[in-house]
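In what follows, a single structure is set out as structure tokens and then discussed.
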Amino acid sequence: MLNLQAGPDPRQRTPMLFDTPIYILFLGIVVAAYWRLGFRSQNRFLLAASYLFYGWWDWRFLLLMIGSTVIDYFIAIRIAEAEDPKVRKSLLALSLVINFSILGFFKYFNFFADSLGHVLAGVGIKASLPVLLIILPPGISFYTFQEVAYIVDVYSGKLPASRNFLDYGLFISLFPHLIAGPIQRPAHLLPQVQKPRHWDSAKAFDGLLLIMEGLFRKCVIADNCALIANAAFGGAFGKPSLIVTLLGMYAFAWQIYGDFSGYSDIARGSAQLLGFHFMVNFRQPYFADSIQDFWRRWHVSLSTWLRDYLYIPLGGNRKGEANTYRNLLLTMLLGGLWHGANWTFVIWGGQHGASLAVERKLTRGKEIISGKARKVLKQILIFHLVCVSWVFFRAQSLRAAWEMLQGLGRWSWRPEFPAAFLFLAVFSIPLLMLDIYLERSGAEYCFEYTPVRRRVAFGLACAVIIALMGANQANAFIYFQF
Amino acid sequence: MSSPPLAKESGWSARTGFIVLVAGLVLILLAFELGSPLVLDRLSHTESRVNGELRAAYALRPSSADGRPTVLLAGNSLLLEGVQLDKLRDELAPQFEVTRLGIEQTHYLDWYFGLRRLLQEGARPGVIVLALGTDQLASKFTLGEEFAHRQMSARDLPLAIQESNLDRTTASTYLFAHWSNWLADKGVIRQRVLILLVPNFRALAGRIADHGAHIHDPGVLVGMAKQRLPQLAELSRTYGVKIVLMVPPALREDYSRDIQQVGVEVGVPVWILSPPGEYPRSLYRDGYHLNEQGSTDFTSRLAEQIRKPSW
Chain A
1 MLNLQAGPDP
11 RQRTPMLFDT
21 PIYILFLGIV
31 VAAYWRLGFR
41 SQNRFLLAAS
51 YLFYGWWDWR
61 FLLLMIGSTV
71 IDYFIAIRIA
81 EAEDPKVRKS
91 LLALSLVINF
101 SILGFFKYFN
111 FFADSLGHVL
121 AGVGIKASLP
131 VLLIILPPGI
141 SFYTFQEVAY
151 IVDVYSGKLP
161 ASRNFLDYGL
171 FISLFPHLIA
181 GPIQRPAHLL
191 PQVQKPRHWD
201 SAKAFDGLLL
211 IMEGLFRKCV
221 IADNCALIAN
231 AAFGGAFGKP
241 SLIVTLLGMY
251 AFAWQIYGDF
261 SGYSDIARGS
271 AQLLGFHFMV
281 NFRQPYFADS
291 IQDFWRRWHV
301 SLSTWLRDYL
311 YIPLGGNRKG
321 EANTYRNLLL
331 TMLLGGLWHG
341 ANWTFVIWGG
351 QHGASLAVER
361 KLTRGKEIIS
371 GKARKVLKQI
381 LIFHLVCVSW
391 VFFRAQSLRA
401 AWEMLQGLGR
411 WSWRPEFPAA
421 FLFLAVFSIP
431 LLMLDIYLER
441 SGAEYCFEYT
451 PVRRRVAFGL
461 ACAVIIALMG
471 ANQANAFIYF
481 QF
Chain B
1 MSSPPLAKES
11 GWSARTGFIV
21 LVAGLVLILL
31 AFELGSPLVL
41 DRLSHTESRV
51 NGELRAAYAL
61 RPSSADGRPT
71 VLLAGNSLLL
81 EGVQLDKLRD
91 ELAPQFEVTR
101 LGIEQTHYLD
111 WYFGLRRLLQ
121 EGARPGVIVL
131 ALGTDQLASK
141 FTLGEEFAHR
151 QMSARDLPLA
161 IQESNLDRTT
171 ASTYLFAHWS
181 NWLADKGVIR
191 QRVLILLVPN
201 FRALAGRIAD
211 HGAHIHDPGV
221 LVGMAKQRLP
231 QLAELSRTYG
241 VKIVLMVPPA
251 LREDYSRDIQ
261 QVGVEVGVPV
271 WILSPPGEYP
281 RSLYRDGYHL
291 NEQGSTDFTS
301 RLAEQIRKPS
311 W
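Protein chains in written order, with our numbering: chain A, 1 to 482; chain B, 1 to 311.
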């Protein structure tokens, strides 16, 4: 009998992943020690624990993060103290340049150098541009956005600058959100860091259940769906054809949803065990009945960040129709590029931006179709539009994405296909059912509004299912690379 | 968390719920820790076979009770499907006692550390014949947690980290898995459940399993052999056990002749009982593993090779 996963790919280095024994041990020790300390000591201890969590991957990049934190801490204070608007604006610009330069260097240097090389080659200029061996520090996209949000909020007077480096450092580096979000709003998290926190059994109980549900989403749903997605996109089922492409699209749709929503649940649950509250990051996105609705439900912490710090400053919908479409497209293109330095992500973002613009043009805020059955049809349509966009997100290159989509027009058959669809159904239907329950109940996790005994039973059932069906850590959290 | 629209009526408070949930999780973990080896040994023929073969391998001494030299055949599915154990035993019965230890999807590092542990813990076969394809000799993959539990000794963890270039997270998982039955068994547990849930799952698993990337570059293959065959030679010297590398038949060029030359230089015999491309495709089940007819012929060649006095 074949094992489905070999050991870890030695080419990949992983941070302290939430679904590993070391994280469970780390979290247990931190929670146990943390609640024995007084408020200030709690913050000091958590900052040290968060730095240990980050440095576990590579301590050199811890220095980069600390450096970036220190710079923004002092710039924010200077912005708050400065009265001259020009000085304030210059300081804001300085912070943005520093933050985006660091992000740009680590994440996009090779991408732009490579793309420029291709453009120059296209016009007949042979240029040997430098390609550096740059390692992408985990979480850099997330903590950079959080720092930028803080600086912008201080500049616009929405938030006073923190005068305590310990508090600010903890706000940036609090370990549950450090590597892959949810991107916390300064006005939401910073006050929580600055005020004493007290043990609350109800919050901790909710937190533990969120962690269990998150592990179920990640280890059972995402990691199993990943096997089909990897096989379809990796060519194990042969050349892309209608069935291969559908298998790959559907499998990846459930993989990425289970993966990232599971990660977010574990992050939120871990934070709650420490007395913090993180914003909800996913609200049953595959029940969206429009692309706009999808972005109100998918990666909410990013979509609201893009709205508040990019789309609205660009003018939002206040400067006429044409500018609104431009702003939508630009916001989503940059949102796509944020996910990774590859044209596939740009196309993915562009597809969403264009869909938002077309949708706006067609509906202009009105319902084109109404009625329950029609709503379901719209949901199915939007789900498939999103699935098509996932092909660009998942494929290694534009050519591979295009070949995958071309497969929709080809037919092939293998005896393993029925088993593959059944396998996918076994792992995607439970998440669909869970989402139906959450959508109807308005709960943030399964059975939230039910008696404690039932919730205990749910948590234990999750544990048994994870023990029986959980895949191993061969598939690291997708968003850790962003 | 937002305030609930419905009353959370229960005889239990959240505090009680928290405590019961934590206690329940610990109990579930303990149940899987203690129960998984017992249950798997009964449910899975493969687990049962491997455990039996491991016990037999640990008990090996240079000679059997009746004085015959012992031979341990170690390897993966290429060995399991390429060599008919009963036939080999019959052919060699008067002169040798043959024992097999076959674990599917294993590569060089699984076996380097597996043999180290076996020898560290007292096993002393007369000869070890390690069956690996040339790309498996060069591979940096292992069987993951299962490897850490079954084949890696605790004291070899630093060496395993170095050889596999493990990051801290994976290294820590290996450490936990070394001591944990459940972490090691969970992959097999999941397969058993999936076999029950998904008809024709075995065929699907063959398609979607992660085999790791195949290595074809002769520079890499020979380069890795130059690193690794001396490790086997060192192991051989340290424990006074002869170790032979046997390269199973391959349809295409696998550069085994070059690796054989490396073996001559470092003192590890490399057996090529069928040069690459010699066996036609009709002797393979899937282009990689031999079928019944192929394995019958290959087993005879292996028996003949073992009987040769020269090696």
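Idealized CB from N, CA, C, for every residue including glycine.
With R100(B) as the anchor, note down where its beta strand (DSSP E) starts and where it stops. R100(B) -> beta strand (DSSP E) spans E97 to G102.
Please report the distance separating the alpha-carbon of L52(A) from that of L178(A). Spanning the two alpha carbons is a distance of roughly 12 Å.
Beta carbon proximity, I465(A) to chain B, threshold 7 Å: Output row for I465(A): interface = no.
Could you tell me whether the Cβ of A419(A) comes closer than 7 Å to any Cβ of chain B? Cβ-Cβ to chain B under 7 Å: yes for A419(A).
Give the range of the alpha helix (DSSP H) segment to which G67(A) is assigned. Here the alpha helix (DSSP H) through G67(A) covers W59 to E81.
What three-state label does DSSP hand T70(B) in the structure shown? DSSP, reduced to helix, strand and coil, places T70(B) within a strand of the structure shown.
May I ask you to list the residues that DSSP assigns as paired with Y284(B)? Looking at the DSSP output, Y284(B) sits in a beta bridge with L290(B).
What separation, rounded to the nearest whole angstrom, lies between the Cα atoms of F252(A) and I228(A)? Taking the straight line joining both Cα atoms gives about 8 Å.
Using only CA atoms, which one of S441(A), A271(A) and W295(A) lies nearest to G336(A)? Selected option, being the one with the closest Cα: W295(A).
Tell me the rounded alpha-carbon separation between Y311(A) and T331(A). For Y311(A) and T331(A), the distance between alpha carbons rounds to 6 Å.
What does DSSP give as the partner residue(s) for A131(B) in the beta ladder? Bridge partners of A131(B): G75(B) and M246(B).
Best match in T16(B), A57(B) and R100(B) for proximity to L78(B) [C-alpha to C-alpha]: It is R100(B).
Mapping DSSP to helix, strand and coil, what is S153(B)? Reduced to three states, the DSSP call for S153(B) is coil.
Can you give the Cα-Cα distance for R268(A) and H277(A), rounded to whole angstroms? Going by the C-alpha atoms only, they are around 7 Å apart.
Classify S63(B) as helix, strand or coil using the three-state DSSP reduction. In the three-state DSSP reduction, S63(B) falls in the strand class (E or B).
Does the beta carbon of R40(A) come closer than 7 Å to any beta carbon on chain B? Chain B contact via Cβ: absent.
Give me the subset of the region 58-90 of chain A whose CB atoms are less than 7 Å from a CB atom of chain B, sorted by chain position. If the cut-off is 7 Å between Cβ atoms, the region 58-90 of chain A has nothing near chain B.
Report the three-state DSSP secondary structure of W271(B) (helix, strand or coil). In the structure shown, W271(B) sits in a strand (DSSP, three-state: E or B).
How would you call M1(B), buried or exposed, if buried means at least 16 neighbouring beta carbons within 10 angstroms? For M1(B), the pLDDT reaches just 46, beneath the cut-off of 50, and the residue's location in the model is therefore unreliable, although a value from the coordinates is still provided. Label assigned to M1(B): buried.
Could you name the residues of chain A that G52(B) contacts, counting a contact when the two beta carbons are closer than 8 Å? When 8 Å is used as the limit between beta carbons, G52(B) is near no residue of chain A, the shortest such separation being about 16 Å.
Under 7 Å between C-beta atoms, does A236(A) make it to chain B? Yes, because at least one Cβ of chain B sits closer than 7 Å to the Cβ of A236(A).
With a threshold of 7 Å between beta carbons, is L137(B) in contact with chain A? Not one chain A Cβ lies under 7 Å of L137(B).
Going straight from the alpha carbon of L143(B) to that of F175(A), what length do you get? Going by the C-alpha atoms only, they are around 30 Å apart.
Closer than 8 Å is the cut-off here; do at least three beta carbon pairs connect the region 138-156 of chain B with the region 167-187 of chain B? A contact is defined here as three or more CB-CB pairs under 8 Å, and the region 138-156 of chain B meets this definition with respect to the region 167-187 of chain B.
List the whole-angstrom C-beta distance separating D110(B) from L221(B), where the pair is believed to meet the contact cut-off of C-beta under 8 Å. Contact doesn't hold; Cβ gap of about 18 Å is too wide.
May I ask which residues mark the beginning and end of the alpha helix (DSSP H) holding Y311(A)? Here Y311(A) belongs to no alpha helix (DSSP H), and DSSP marks it neither H nor E.
Under a Cβ-count criterion, where at least 16 other Cβ atoms within 10 Å of its own Cβ denotes burial, should G17(B) be classed as buried or exposed? Counting of Cβ neighbours within 10 angstroms places G17(B) among the buried residues, the total reaching 16 or more.
Since A222(A) meets chain B, which of its residues come closer than 7 Å, beta carbon to beta carbon? Chain B residues near A222(A): none, gap ~14 Å exceeds 7 Å.
Between the C-alpha atoms of F393(A) and V346(A), what's the straight-line distance to the nearest angstrom? So the two alpha carbons sit approximately 9 Å from each other.
What's the C-alpha gap between W199(A) and I466(A)? Distance between W199(A) and I466(A), taken at the CA atoms: about 28 Å.
Cut-off 7 Å between Cβ atoms - residues of its own chain near R408(A), not counting five sequence neighbours on either side: Per the sequence shown, the amino acid found at residue 408(A) is Leu instead of Arg. Excluding residues within five positions, the ones whose Cβ falls inside 7 Å are L242 and T245.
Between M1(B) and chain A, is the shortest Cβ-Cβ distance under 7 Å, so that the two count as touching? The pLDDT assigned to M1(B) is 46, lower than 50, so where the model puts this residue is not dependable, and the model offers no usable value.
F447(A) beta carbon less than 7 Å from that of R483(A): Residue 483(A) lies beyond the stretch modelled for chain A, which goes from 1 to 482, so this question has no answer here.
Could you spell out the range, first to last residue, of the alpha helix (DSSP H) harbouring H118(A)? H118(A) -> alpha helix (DSSP H) spans F109 to G122.
Out of L273(A), Y54(A), S290(A) and G262(A), which has the shortest C-alpha to C-alpha gap to F282(A)? Of the candidates L273(A), Y54(A), S290(A) and G262(A), the one whose C-alpha sits nearest the C-alpha of F282(A) is G262(A).
Output the distance between the C-alpha atoms of R192(B) and G169(A), rounded to the nearest integer angstrom. If I take the Cα positions, the gap works out to 47 Å.
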